Structures are given as structure tokens and as C-alpha cells.
Amino acid sequence: MNPLIIANWKMNPVTLKEAERLFGTVKKEIEEVEGVEVVVCPPFAYLPKIISLAGDLAIGAQNCFYQEKGAYTGEVSPLMLKDLGCQYIIVGHSERRKYFQETDEGVNNKLKIVLKNLLKPILCIGEEARDAFNSSGRPVNEMSLVVGEQLAKDLNGISASRVVEITIAYEPIWAIGTGLPCLSDDAMKAVLFIRKTLTNLYNRSVAERVRILYGGSVTSQNVIDYVKGINMNGVLVGAASLNASEFAKIVKRAI
Numbered sequence: 003m004n005p006l007i008i009a010n011w012k013m014n015p016v017t018l019k020e021a022e023r024l025f026g027t028v029k030k031e032i033e034e035v036e037g038v039e040v041v042v043c044p045p046f047a048y049l050p051k052i053i054s055l056a057g058d059l060a061i062g063a064q065n066c067f068y069q070e071k072g073a074y075t076g077e078v079s080p081l082m083l084k085d086l087g088c089q090y091i092i093v094g095h096s097e098r099r100k101y102f103q104e105t106d107e108g109v110n111n112k113l114k115i116v117l118k119n120l121l122k123p124i125l126c127i128g129e130e131a132r133d134a135f136n137s138s139g140r141p142v143n144e145m146s147l148v149v150g151e152q153l154a155k156d157l158n159g160i161s162a163s164r165v166v167e168i169t170i171a172y173e174p175i176w177a178i179g180t181g182l183p184c185l186s187d188d189a190m191k192a193v194l195f196i197r198k199t200l201t202n203l204y205n206r207s208v209a210e211r212v213r214i215l216y217g218g219s220v221t222s223q224n225v226i227d228y229v230k231g232i233n234m235n236g237v238l239v240g241a242a243s244l245n246a247s248e249f250a251k252i253v254k255r256a257i
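Residue numbers (the numbering used here): 3 to 257.
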């Protein structure tokens, strides 16, 4: 299985011209790179243009609604995104959960509609605090508490045959955009815990087939630690994906 490298541009850049320039540079710098799968997720407004320029590069969306059509002002359905040419959709990103109060129930509904429309969902999960303590002042494993609950709720009602189509991105919220990436040992514990949870929810075979990525202050300097050091299946890149040369380095070093 080739590493999967996903660029999440978030709400950037601010003009279509800049978006075209960024995408064009990235495409040129990695066009001869083999042995890796790259997905670029630009803002909704740029999707038609970026898809027209994509060639062999896969394009994804950063979000979708959990209905295919209807009176839902401002929303975009997975059916529309599929018609445009999107292949992937990010679901449940921590910024969606934080700023738009997305719940695990909503995330679950989105996963189901994305799978129904034969698109590839990228499920984002992760804890908010690096170190947490209970009311008695004793340390608790925030990662296992939060991630375990998210997986159980987000994957509720999704069959084993379909869950293997979901890519899981572990993004500790405290590491996103902070310049403080998760240590490889902690990331390894998270991967093992996620696979153990998937084994309990489904079975070992399913757990081993699900792709798990790391996200949170990923750079060309630390990507090797995650993809090669602890055998993650790739990375979800935020800020660094807005720098074409840096993102290209991440792609090349992940092989």
C-alpha cells in the first residue's frame, strides 16, 4: 500500500489565481514521483478549476452535508462533489467540530452518505488536550478516552465491508497549527489503540486493512518519523501544504 499524502488547504489561498499557481507548482514538482498517492483538498470555490487542472492527481473536498439534496441553504452535497470530479471528502475535522459544533452523530451521517455515493471518506479524530487530569488530580489517557468514543460513535452502523473504505486521520488537536507535533512514540500508541479499537468493533483483518494517517504540524523534517518510523499509512498536511516546495518535499520523503 503506497503512502497517502493529503493536502488540506483549509480556507486558503484567498484568490483563485493564487490557488492555480500553488496547485500548478505542486503538480510540476511531484509529477515524476512514484510510489505515493497524493490528494489535494482546496476550498469549495476552487474545486471546478483545480479539478480541470488535476490530471492524475486526486482531488478531495474539505466537508460535505449529510443529505444529497434539499432545502439546506449554504450546504454542499456529496452527490454534487462527485459530479464535479471529487474522489475524497474530509469528514469530522477538528475545526468543523470546534467552530461549527459538529457532533459524532453528524459525522456518522456524513460518513454514510459519502460511502453511499462511492466516494472515499477521510475521518478525522483526535483528543483536545495533550495531558489531562481527572477531578482527583490523577492523570488520565485523554487520547484513548476521546478517540475510543469517537470511533465507536462515528462508525456506528457502518459494516465491515464498508469501513475498510474509510481512511482514518489521527489529529491530536493540540498539535494542529501549533508547531508542536505529536512525538513518534505517542503517535505509535495512538495507531495501536486505533487498530485495537477497530479490532474490537469489527475484527483484526478489518483493523489491519484500514488506512491510518497522522495530522498535526507535519513538515518535511518529521514526515519520515510517522510514515517510516511508526508505519503510518500517510499524513494529512495543513499549513505546510500551502508551501509548494515544502509540500513536495513531504511527498518525496514519504516514499
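Glycine included, C-beta positions come from ideal geometry on N, C-alpha and C. Please read all numbers here as calculations on a predicted model, not as lab measurements.
- Cβ distance (whole Å) where Gly179 is taken to contact Gly240 below 8 Å: 6 Å
- Exposed unless 16 or more other CB atoms sit within 10 angstroms - verdict on Pro5: buried
- Query: With distances taken between CB atoms, is the gap from Gln89 to Ala47 smaller than 7 Å?
  - Reply: no
- Query: If you draw a straight line from the C-alpha of Leu18 to the C-alpha of Ile91, how long is it?
  - Reply: 21 Å
- Query: Are the region 112-126 and the region 93-100 in contact at 8 Å, needing three or more beta carbon pairs?
  - Reply: yes
- Message: Does Lys30 come out as helix, strand or coil in the three-state DSSP assignment?
- Response: helix
- Quick one: is Ala171 buried, meaning 16 or more other Cβ sit within 10 Å of its Cβ, or exposed? buried
- Message: Less than 7 Å between the beta carbons of Pro80 and Gly128, yes or no?
- Response: no
- Item | Three-state class that DSSP yields for Val229 in the structure shown | helix
- Same chain, Cβ closer than 7 Å to Lys11, five either side skipped, listed in chain order: Just to set this straight, residue 11 is Trp in the shown sequence, not Lys. The residues are Cys43, Pro44, Pro45, Ser243 and Leu244.
- May I have the straight-line CA-CA distance separating Gly159 from Lys71, to the nearest angstrom? 22 Å
- Query: Comparing alpha-carbon positions, which option in Val109, Asn14 and Tyr216 lies nearest Gln152?
  - Reply: Val109
- Item | Alpha-carbon to alpha-carbon, Ala73 and Tyr228 | 43 Å
- May I ask you to list the residues that DSSP assigns as paired with Val237? Ile7 and Tyr216
- Query: Which residues in the same chain have their Cβ closer than 6 Å to the Cβ of Leu49, if we skip the five residues on either side of it in sequence?
  - Reply: Leu86
- Starting from Pro183, follow its DSSP beta bridges and name the residues at the other end. Paired residue(s): none; Pro183 is not in a bridge.
- Item | Under 7 Å between C-beta atoms of Ala250 and Ile32 | yes
- Option nearest Ile196 by Cα separation, candidates Met145, Pro183, Gln69 and Lys230: Met145
- Apart from the five residues just before and just after Val165, which ones in its own chain have a Cβ nearer than 7 Å to its Cβ? Leu157, Tyr204, Val208 and Val212
- In angstroms, rounded to a whole number, what distance separates the CA positions of Leu83 and Ala63? 7 Å
- Task: Starting from Tyr258, follow the beta strand (DSSP E) in both directions and report where the run begins and ends.
- Result: No answer is possible for residue 258: the residues shown for the chain start at 3 and end at 257.
- Quick one: using the 10 Å Cβ neighbour count with 16 as the cut-off for buried, is Gly217 buried or exposed? buried
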